[in-house]
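Engineer: My questions will all concern the structure given below.
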Amino acid sequence: MRTKRTLLQLPRGKSSGTRDRGTVVTLHDELLAGLGDSGLEQVAGMLDTDTLAARNVLEAVSGAIVGGMARNAEHPDGAEALRGALDDHMDTDPFNGDVASLTRDGHSILGHVLGGQGTEQVAAGLAKNAGVGTGAVMRLMPLLAPMVLSLLANRATDRDMDAAALADDLHREQASLPHDLADLLDGMLDDIFGGRTRRGLYEFGDADRTEHQVTPGSPNPDW
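For the sequence shown, our numbering assigns the number 346 to the initial residue and increments by one for each residue that follows.
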């Protein structure tokens with residue numbers, strides 16, 4: 346019998362990427378822990394690079410996704426929409442998800458967070474910065490997006506975050522990035538969102554709207 350293809354079906358907590366006890370654990374740390382060392386090796390294979398470079402790409406991709414959510418969440422209605430959308434991603438396990446469905450969900454998430462064109466811009470910029478293929482980063486991004494969203498959903502529920510607390514948490518995540526990476530991502534997000542206007546743009550969860558592009562300075566706060 347043909348087995349169902351899954352992505353990175355691995356036990357959690359075996360990655361060396363988690364930080365020492367007593368320090369802040371970021372979504373990137375949690376992502377590495379969820380993937381484990383074997384998952385990191387699979388990502389390195391996708392990118393045709395070593396695990397150290399793969400770890401850096403993972404941090405950049407997760408940082409871009411978090412940054413896009415943070416830009417949307419700076420508008421109160423955008424933060425409310427995102428907080429509501431997180432409830433739909435509770436009790437999911439994208440680390441063991443079917444590749445096809447995970448990719449579909451990921452493209453929908455990226456469409457809401459960055460827009461189709463914005464996703465392509467980020468993939469191209471991160472690929473150039475890391476010295477890997479743009480196509481490989483484009484394949485990786487929709488696989489990681491549901492993982493990041495699921496981790497954020499679990500955190501928001503565990504900490505009983507409202508929309509304002511969620512927005513604050515996203516900005517703390519951004520502040521934890523290495524300076525050079527933060528500058529790179531800020532420049533990309535400024536291009537996508539139109540400087541520092543930071544407006545949410547989508548009604549999150551409506552998969553049919555993923556073809557919409559980010560319009561700089563758009564007044565629409567919905568996901």
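Quick reminder that beta carbons are idealized off the backbone N, C-alpha and C, glycines included.
Would you mind reading off the limits of the alpha helix (DSSP H) that contains ARG400?
Structural biologist: That run of the alpha helix (DSSP H) goes 396-418.
Engineer: Under a three-way DSSP split, which group does ASP436 fall into?
Structural biologist: DSSP places ASP436 in coil when its eight states are reduced to three.
Engineer: Kindly indicate which residue of VAL411, GLY390 and ALA445 has the alpha-carbon position closest to the one of SER521.
Structural biologist: Closest option to SER521, Cα to Cα, is VAL411.
Engineer: Using only the alpha-carbon positions, how far apart do LEU622 and VAL493 sit?
Structural biologist: Outside the displayed range of the chain (346 to 568) lies residue 622, so it cannot be described from this structure.
Engineer: Buried or exposed: which applies to ASN417, given that a residue is buried once 16 or more other Cβ atoms fall within 10 Å of its Cβ?
Structural biologist: When all chains shown are included, ASN417 counts as buried.
Engineer: Taking the Cβ atom as the reference point for each residue, do ARG400 and LEU511 lie within a distance shorter than 8 Å?
Structural biologist: Their beta carbons are not under 8 Å apart, which means ARG400 does not touch LEU511 by this criterion.
Engineer: Rank LEU497, ASP395, VAL388 and ALA405 by C-alpha distance to the C-alpha of ALA468 and give the top, closest one.
Structural biologist: Taking only the C-alpha atoms, the option nearest ALA468 is ALA405.
Engineer: Exposed or buried, which one is MET486 when buried takes at least 16 other CB atoms within 10 Å?
Structural biologist: Under this definition MET486 is a buried residue.
Engineer: Are the segment 436-450 and the segment 490-505 touching by the rule of at least three beta carbon pairs closer than 8 Å?
Structural biologist: Cβ pair count under 8 Å is three or more, so yes.
Engineer: Does the distance from the C-beta atom of ALA343 to that of MET435 stay below 8 Å?
Structural biologist: This structure does not reach residue 343, given that the chain is present from 346 up to 568, and the question cannot be answered.
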